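One point on numbering: in the working numbering, the residue at position 132 of the sequence shown is 780, and numbering is uninterrupted. Glycine included, each C-beta is placed from N, C-alpha and C at the ideal position. Predicted model only: the values in this text are computed from it and were never measured. Let me begin by presenting the structure, written as structure tokens, before commenting on it.
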Amino acid sequence: MDLALAMDPGDVWKQTLCDLQLQIRAEDFQTWFREASLLTYEGNHCVVGTRNPFAIEWLNQRCRGLVGRSLTSVLGQTVDVEFVVQTDAALTPPLVELTLEAPPAESSTRRRRASISADTAPLAWPAHARFSFDNFVVGSSNALAHAACAVVADRPGEVHNPLFIYGGVGMGKTHLLRAIGHEAFARGRKAVYISAETFIHEFVGSISRGRMEDFRNRYREADYLLVDDVQFIAGKEQTQDEFFHTFNALQEAGRQIVLTSDRHP
Numbered sequence: 649m650d651l652a653l654a655m656d657p658g659d660v661w662k663q664t665l666c667d668l669q670l671q672i673r674a675e676d677f678q679t680w681f682r683e684a685s686l687l688t689y690e691g692n693h694c695v696v697g698t699r700n701p702f703a704i705e706w707l708n709q710r711c712r713g714l715v716g717r718s719l720t721s722v723l724g725q726t727v728d729v730e731f732v733v734q735t736d737a738a739l740t741p742p743l744v745e746l747t748l749e750a751p752p753a754e755s756s757t758r759r760r761r762a763s764i765s766a767d768t769a770p771l772a773w774p775a776h777a778r779f780s781f782d783n784f785v786v787g788s789s790n791a792l793a794h795a796a797c798a799v800v801a802d803r804p805g806e807v808h809n810p811l812f813i814y815g816g817v818g819m820g821k822t823h824l825l826r827a828i829g830h831e832a833f834a835r836g837r838k839a840v841y842i843s844a845e846t847f848i849h850e851f852v853g854s855i856s857r858g859r860m861e862d863f864r865n866r867y868r869e870a871d872y873l874l875v876d877d878v879q880f881i882a883g884k885e886q887t888q889d890e891f892f893h894t895f896n897a898l899q900e901a902g903r904q905i906v907l908t909s910d911r912h913p
């Protein structure tokens, strides 16, 4: 009997996740793989599902080869990978946002979501103390970005607004965003850190629940809006329109906007 066929998909996926966790950033792993699961594998074809439709493009572009190699290692045979939207939401945990704010007191559901793990807890918690300006390694490739971020942390809305940080994977863009947030929190200012993918998810959910006013107030009342991987809203017209209005509202109010991207502006 083929060993691969005898293995339970759940066990296969657990081993695969262990392998993937050693190869990619913790932030990327939490964002893109915490909702994913191995649905089926037949022969050399593996189907990986995620209930987040916005993750499909990213997984196909960035992770198909990586996931394929990890599954090949676990199964002991060469496989190809297909990513699909998993419609059974009960099989996967809810998407959790990352913010610098304390969990909102008015919502027990949000309190439960914010306490799921240290990786998805408010960034002001000690678990995220390593993301500060003091322990950021400054070199010739990132000295200008570091200096600009330090300025906006000290003087929000006055210079470099908006601030757009562009660079490849692993250059410290997320670290700098969180460092700005820590400085804001320490000075009693309201900062929101969010990935573009989560912004999209919240936007779609707010429309479906008729809660757009709450969605807009959350972002437009912030002193700092820190958006990671903003390139993911490209091509999503409704989200782009909403982000455009949020962007304008914050700028007109003198609030600070910082965006990161791994693509040229």
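Any Cβ of chain B within less than 8 Å of the Cβ of residue i?
i	result
Cys-666	In summary, chain B is missing from the structure at hand, where a single protein chain is found.
Name the DSSP bridge partner or partners of residue i?
i	result
Glu-730	Val-695
Ile-905	Leu-873
Phe-812	Leu-907
Is residue i helix, strand or coil when you go by DSSP?
i	result
Phe-781	coil
Asp-767	For Asp-767, the predicted structure reports a pLDDT of 36, less than 50, and the residue's modelled location is therefore unreliable. The matter cannot be settled from this model.
Glu-806	coil
His-794	helix
Gly-787	coil
Leu-743	Note that Leu-743 scores 36 on pLDDT, short of 50, meaning its location in the model is unreliable; the coordinates nonetheless yield the value given after this. In this structure, Leu-743 counts as coil in the three-state DSSP scheme.
Gly-820	coil
His-893	helix
Gly-883	coil
His-830	helix
Output yes or no for whether 8 Å exceeds the beta carbon distance between residue i and residue j.
i	j	result
Arg-699	Gln-734	yes
Leu-811	Val-878	no
Arg-864	Thr-887	no
Ala-801	Glu-831	yes
Tyr-872	Gly-818	no
Leu-686	Cys-694	yes
Tyr-814	Ser-721	no
Phe-891	Ala-827	no
His-808	Ala-793	no
Glu-850	Thr-679	no
Gly-816	Phe-784	no
Asp-889	Ser-843	no
Given this structure, state the Cα-to-Cα distance separating residue i from residue j, to the nearest angstrom.
i	j	result
Asp-782	Pro-913	28 Å
Phe-880	Gly-836	30 Å
Ala-750	Glu-806	With a pLDDT of 34 at Ala-750, under the threshold of 50, the modelled position of that residue is not reliable, and no figure is offered here.
Phe-731	Leu-670	21 Å
Leu-898	Phe-847	16 Å
Arg-857	Leu-723	42 Å
Arg-903	Val-840	12 Å
Leu-719	Thr-664	6 Å
Glu-861	Glu-885	19 Å
Arg-859	Tyr-867	13 Å
Glu-900	Asp-676	33 Å
Asp-728	Leu-825	36 Å
Ala-684	Pro-701	11 Å
Trp-661	Lys-838	39 Å
Ile-704	Asp-656	24 Å
Glu-690	Asp-659	15 Å
Arg-673	Arg-911	18 Å
Pro-804	Val-786	22 Å
Thr-688	Asn-896	46 Å
Ser-788	Gln-725	44 Å
Complete runs of the alpha helix (DSSP H) confined to the stretch 836–875 [at least 4 residues]: For secondary structure counted as the alpha helix (DSSP H) over 4 or more consecutive residues, the stretch 836–875 holds these complete runs in sequence order: 844–857, 860–868.
Uninterrupted beta strand (DSSP E) stretches inside the stretch 656–724 (no shorter than 3 residues): 685–690, 693–698
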